[in-house]
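Asker: Residue numbers (our numbering), protein chains in the order written: chain D, 208 to 341; chain Z, 39 to 583.
From the three backbone atoms N, C-alpha and C, an ideal C-beta is built for every residue, glycine too.
Okay, here's the structure, questions in a sec.
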């Protein structure tokens with residue numbers, strides 16, 4: 208009886224484990240934080256973020272951590288052509304804070320810091336350059 | 039079994055893959071009365087979860103949008119009881135949370151793939167509206183009336199908001215028990231913004247003991263705002279009769295008669311009381327309630343309890359307004375012969391208006407011939423071309439000199455005379471009418487409209503005219519005969535009472551107020567009495583061109 212039970216449920220467990228691994232890999236790949244690449248030249252440094260458009264077929268999430276000392280606002284980020292929305296999760300309120308490139312900017316124009324990971328939505332694949340503070 | 043497990047796991051994975059987290063942004067229009075929508079709140083929910091599972095945001099700069107008249111809700115910020123994110127094809131409802139009476143229609147939209155991809159989507163614009171309860175006006179029964187038998191409840195319900203009126207119902211309340219009946223509002227379609235319909239229903243008063251009650255009519259807007267109106271009524275199914283007339287039950291066989299037309303006045307008499315009335319006298323008056331003004335004969339009818347009966351008299355109206363009064367069970371001062379539960383509803387009056395003019399319309403056709411005694415035609419006029427022909431109307435006692443006609447309001451030298459129209463009104467007894475000649479043809483002195491006519495090859499200029507009826511296809515002008523100016527003052531005056539002619543120009547097959555025809559002319563009904571001895575006829579003259 209016990210053997211029969213094991214024979215029935217073992218394949219189920221194996222398949223379940225396979226899907227669990229796939230699920231975890233998928234989650235890791237879509238939730239990866241983009242630290243950007245540092246480019247130096249002419250005495251100044253910039254940090255380049257390659258941002259991908261999310262589509263119905265793919266699931267590209269642009270989680271960005273800006274460099275320490277970044278002095279930007281949400282409005283300045285969405286002022287970049289193709290950047291449609293930026294938001295971050297406010298642990299204190301348990302809510303997202305969003306700023307949207309619509310009607311001159313909808314949402315709270317928050318200060319960008321290196322303490323949060325920000326999610327950016329773009330209308331097409333693009334490179335976002337941010338000055339690295341000295 | 040393995041298949042089912044695999045499908046289950048695939049469903050989990052596919053659900054994760056299609057998960058989307060758009061921000062929803064919307065715009066709110068201020069209320070039509072200018073009330074600012076900012077600081078009111080939006081509530082958004084998925085219908086599949088019910089309105090209680092919702093997300094909210096304050097409209098305006100203090101809300102998540104931080105922008106006037108905008109709102110912003112992040113679908114990812116699930117309420118605690120809702121584990122469903124906004125996914126493609128999800129339907130979302132939203133509306134303004136009612137506050138201070140202001141709310142909005144419930145709007146909806148569907149999450150699209152584009153919203154998911156872009157991270158945000160726009161909801162439809164919504165306008166803020168006041169959620170008025172409907173306005174209810176009673177028509178029947180009347181306040182403080184005594185009723186019996188089957189009673190009609192009739193009220194008009196006016197929708198004052200953009201939200202439908204969902205239900206109308208009445209309630210009888212004697213403060214110790216309630217009797218409520220719900221009904222849809224007659225055959226009317228449920229109304230939209232600012233629309234009125236009539237609510238009709240009946241209730242059987244015999245189900246209630248005699249006594250005083252409150253009759254309520256309620257109406258409910260689809261947004262839950264209800265209102266009511268109420269009456270004090272007395273139900274009496276056993277004690278006394280109650281004879282009743284009201285203005286809605288006085289009717290005329292022709293509600294727009296002409297002067298001298300023989301018409302019939304109908305009066306419907308109700309008896310909502312508890313006992314039959316075998317005989318009641320019904321009087322009709324024309325004007326002040328004095329014996330001389332009785333419209334005879336007096337009528338006697340019977341009205342059973344809870345029933346009605348109709349009586350009538352013949353009547354020949356005069357020009358102007360007639361105040362028609364109907365009285366039941368005279369005399370009113372001593373409450374008549376019949377003991378009634380309500381003695382104050384036995385009189386009603388209404389107004390019948392008879393215009394001061396008679397309107398003649400018709401066609402001109404055929405041929406006219408001037409023949410010798412031997413039957414030979416000397417001259418034949420073929421009336422096939424009649425447009426432009428003059429049609430003149432005068433009192434039959436007038437002797438016209440067609441080449442001496444001038445425009446009323448002009449002297450024989452053609453100069454303006456201001457008082458001609460008021461003098462003619464006096465002569466025709468029209469001075470007190472709202473459609474007197476002075477009011478119809480002049481603007482407190484100067485003519486409203488002027489034109490020229492050619493009569494007997496004589497050009498008559500500056501002829502004051504008015505449209506013959508309420509259409510502009512035909513006009514009627516007024517002329518006077520200078521040949522009758524025996525006083526020699528050179529103008530129309532009441533002392534000489536010069537002959538008067540009303541003139542119109544034929545227009546073949548033209549649209550008038552009563553159809554398509556060749557002529558239409560307005561003539562004061564009293565023109566036939568302008569000169570004696572004949573007081574019954576006017577004479578038409580046709581000048582064929």
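#1: In whole angstroms, what is the alpha-carbon distance linking residue 317/Z and residue 375/Z?
#2: Under the assumption that residue 266/Z contacts residue 241/Z (Cβ atoms under 8 angstroms), give the Cβ distance between them as a whole number of angstroms.
#3: Which residues mark the beginning and the end of the alpha helix (DSSP H) in which residue 156/Z is found?
#4: Name the chain D residues whose beta carbon is nearer than 8 angstroms to that of residue 108/Z?
#5: Taking 8 angstroms as the limit between beta carbons, can you name the residues of its chain near residue 259/Z, skipping five residues before and five after?
#6: Measuring alpha carbon to alpha carbon, tell me which residue in 275/Z, 491/Z, 363/Z is nearest residue 342/Z.
#7: Return the Cβ separation of residue 329/D and residue 260/D in integer angstroms, given the expectation that the two are a contact with Cβ distance under 8 angstroms.
#8: Using the beta-carbon of each residue, which ones in chain Z are nearer than 7 angstroms to residue 328/D?
#9: Buried or exposed: residue 85/Z, going by 16 or more other Cβ atoms within 10 Å of its Cβ?
#10: Please decide whether residue 112/Z counts as near chain D, where near means a Cβ-Cβ distance under 8 angstroms.
#11: Where are the beta strand (DSSP E) runs, 3 residues long or more, that stay fully inside the segment 453-508 of chain Z, in chain order?
#12: What does a CB cutoff of less than 7 angstroms around residue 448/Z pick up in its chain, not counting 5 residues either side in sequence?
#13: What residues in its chain sit with their C-beta under 7 angstroms from that of residue 271/Z, if we drop five residues either side in the sequence?
#14: With contact counted as at least three CB pairs below 8 angstroms, one residue from each stretch, are the segment 519-529 of chain Z and the segment 397-404 of chain Z in contact?
#15: Please list the terminal residues of the continuous alpha helix (DSSP H) segment that includes residue 284/D.
#16: Please list, in chain order, the chain D residues whose beta carbon lies closer than 7 angstroms to that of residue 105/Z.
#17: When burial is assigned at 16 or more other CB atoms within 10 Å of the CB, is residue 575/Z buried or exposed?
#18: Might you give, ordered along the chain, the residues of its own chain that have their beta carbon closer than 7 angstroms to the beta carbon of residue 427/Z, omitting 5 neighbours on each side?
#19: Would you tell me roughly how many angstroms separate the C-alpha atoms of residue 248/Z and residue 273/Z, rounded to the nearest one?
#20: Please list, in chain order, all residues of the same chain as residue 430/Z whose beta carbon is under 6 angstroms from its beta carbon, the five residues on each side excluded.
#21: Tell me whether residue 438/Z counts as near the ligand SAH, meaning its Cβ is closer than 7 angstroms to at least one heavy atom of that ligand.
#22: For chain D, is any of its Cβ atoms less than 8 angstroms away from the one on residue 586/Z?
#23: Put residue 200/Z into one of helix, strand or coil per three-state DSSP.
#24: Quick one, which of 302/D, 325/D, 276/D, 321/D has its alpha-carbon nearest residue 290/D's?
#25: Can you name the start and end residues of the beta strand (DSSP E) that residue 303/Z belongs to?
#26: May I have the straight-line CA-CA distance separating residue 498/Z from residue 487/Z, to the nearest angstrom?
#27: Quick one: what's residue 274/Z bridged to in DSSP?
#28: Do residue 188/Z and residue 340/Z come within 8 angstroms of each other at the CB atom, strictly closer than that value?
#29: If you measure between the beta carbons of residue 385/Z and residue 354/Z, is that distance less than 8 angstroms?
#30: Which word fits residue 536/Z, buried or exposed, when buried means at least 16 other C-beta atoms lie within 10 angstroms of its C-beta?
#31: Hey, residue 63/Z and residue 78/Z are a contact pair by Cβ (cut 8 angstroms); roughly how many whole angstroms apart?
#32: Compute the distance between the beta-carbons of residue 333/Z and residue 306/Z, then report whether it is under 8 angstroms.
#33: Between the segment 313-321 of chain D and the segment 123-133 of chain Z, do three or more beta carbon pairs fall short of 8 angstroms?
#34: Kindly list the residues whose CB is nearer than 6 angstroms to the CB of residue 236/D, restricted to its own chain and excluding five residues on each side of it in sequence; keep chain order.
#35: Roughly how many angstroms separate the alpha carbons of residue 548/Z and residue 264/Z, rounded to a whole number?
#36: Counting along the chain, where does the beta strand (DSSP E) carrying residue 344/Z start and finish?
Answerer: Based on what the coordinates show:
#1: As a first step, residue 317/Z is located in the second chain; it is residue number 279 there, counting from the start. As a first step, residue 375/Z is located in the second chain; it is residue number 337 there, counting from the start. Those two C-alpha atoms are separated by around 10 angstroms.
#2: What you label residue 266/Z is simply residue 228 of the second chain in a count that begins at 1. What you label residue 241/Z is simply residue 203 of the second chain in a count that begins at 1. Not a contact, Cβ separation roughly 16 angstroms.
#3: Taking the first residue of the second chain as 1, we reach residue 156/Z at position 118. Taken as a continuous stretch (DSSP letters only), the alpha helix (DSSP H) holding residue 156/Z covers 151-156.
#4: Stepping through the second chain from its first residue, residue 108/Z is reached at position 70. Within chain D, the residues near residue 108/Z are 310, 313.
#5: For the purposes of this step, residue 259/Z is identified with residue 221 of the second chain, where counting begins at 1. So the list reads 169, 170, 171, 172, 197, 199, 201, 202, 203, 204, once near-sequence residues are dropped.
#6: What you label residue 342/Z is simply residue 304 of the second chain in a count that begins at 1. Nearest C-alpha to residue 342/Z: 275/Z.
#7: Here residue 329/D corresponds to residue number 122 of the first chain, with the count starting at 1. Here residue 260/D corresponds to residue number 53 of the first chain, with the count starting at 1. So it is a contact: roughly 5 angstroms between Cβ atoms.
#8: Taking the first chain and counting its residues from 1, the one referred to as residue 328/D is at position 121. By Cβ distance, chain Z contributes 156, 157.
#9: As a first step, residue 85/Z must be located in the second chain, where it is residue number 47. Exposed, because fewer than 16 other Cβ atoms sit within 10 Å of the Cβ of residue 85/Z.
#10: Here residue 112/Z refers to the residue found at position 74 of the second chain. So, interface residue.
#11: 488-493, 496-505
#12: Locating residue 448/Z in the second chain gives position 410, counting from the first residue. Excluding sequence neighbours, residue 448/Z sits near 454, 455, 500.
#13: The residue given as residue 271/Z occupies position 233 in the second chain. So the qualifying residues of the chain are 179, 183, 185, 251, 253.
#14: As far as the Cβ criterion goes, the segment 519-529 of chain Z does not touch the segment 397-404 of chain Z, which means the pair count is below three.
#15: Taking the first chain and counting its residues from 1, one reaches residue 284/D at position 77. Its alpha helix (DSSP H) spans residues 281-285.
#16: Taking the first residue of the second chain as position 1, residue 105/Z is located at position 67. Going along chain D in sequence order, the residues near residue 105/Z (Cβ under 7 angstroms) are 310, 313.
#17: As a position in the second chain, residue 575/Z is number 537, starting the count at 1. Its Cβ having fewer than 16 others within 10 Å, residue 575/Z is exposed.
#18: On the second chain, position 389 is the one that residue 427/Z refers to. Once the five neighbours on either side are set aside, the close Cβ partners of residue 427/Z are 402, 544, 580, 581, 582, 583.
#19: Taking the first residue of the second chain as position 1, residue 248/Z is located at position 210. Taking the first residue of the second chain as position 1, residue 273/Z is located at position 235. So the two alpha carbons sit approximately 5 angstroms from each other.
#20: Within the second chain, residue 430/Z is the residue found at index 392, counting from 1. Hits under 6 angstroms: 539, 541, 579.
#21: Here there are no bound small molecules, and the ligand SAH is not part of this structure.
#22: Because chain Z is modelled from 39 through 583, residue 586/Z falls outside the range shown and cannot be assessed.
#23: Numbered from its first residue, the second chain carries residue 200/Z at position 162. The answer is coil: DSSP assigns residue 200/Z none of H, G, I, E or B.
#24: Start at 1 with the first residue of the first chain, and residue 290/D comes out as number 83. It is 325/D.
#25: Translated into the one-based positions of the second chain, residue 303/Z becomes position 265. 301-309 is the extent of the beta strand (DSSP E) around residue 303/Z.
#26: Sequence index remark: in the second chain, residue 498/Z carries index 460 (1-based). Sequence index remark: in the second chain, residue 487/Z carries index 449 (1-based). In a straight line, the C-alpha of residue 498/Z is about 14 angstroms away from that of residue 487/Z.
#27: Locating residue 274/Z in the second chain gives position 236, counting from the first residue. Answer is none; residue 274/Z lacks a bridge partner.
#28: Along the second chain, read from residue 1 onward, the residue named residue 340/Z stands at position 302. Along the second chain, read from residue 1 onward, the residue named residue 188/Z stands at position 150. No, the Cβ-Cβ distance between residue 340/Z and residue 188/Z is not below 8 angstroms.
#29: Taking the second chain and counting its residues from 1, one reaches residue 385/Z at position 347. Taking the second chain and counting its residues from 1, one reaches residue 354/Z at position 316. Not closer than 8 angstroms, so no.
#30: Counting from one through the second chain, the residue named residue 536/Z turns up at place 498. Per the 10 Å Cβ criterion, buried.
#31: Here residue 63/Z refers to the residue found at position 25 when the second chain is read from its first residue. Here residue 78/Z refers to the residue found at position 40 when the second chain is read from its first residue. That belief does not hold up - the Cβ atoms of residue 63/Z and residue 78/Z are roughly 16 angstroms apart, past 8 angstroms.
#32: Start at 1 with the first residue of the second chain, and residue 333/Z comes out as number 295. Start at 1 with the first residue of the second chain, and residue 306/Z comes out as number 268. Result no, Cβ atoms of residue 333/Z and residue 306/Z do not sit closer than 8 angstroms.
#33: no
#34: Position 29 of the first chain holds residue 236/D. For residue 236/D, the pLDDT reaches just 40, beneath the cut-off of 50, and the residue's location in the model is therefore unreliable, although a value from the coordinates is still provided. Nothing meets the Cβ criterion.
#35: For the purposes of this step, residue 548/Z is taken as the residue at position 510 of the second chain. For the purposes of this step, residue 264/Z is taken as the residue at position 226 of the second chain. Their Cα atoms are separated by approximately 54 angstroms.
#36: In the second chain, counting from the first residue as 1, residue 344/Z sits at position 306. Residue 344/Z -> no beta strand (DSSP E), and no H or E assigned at all.
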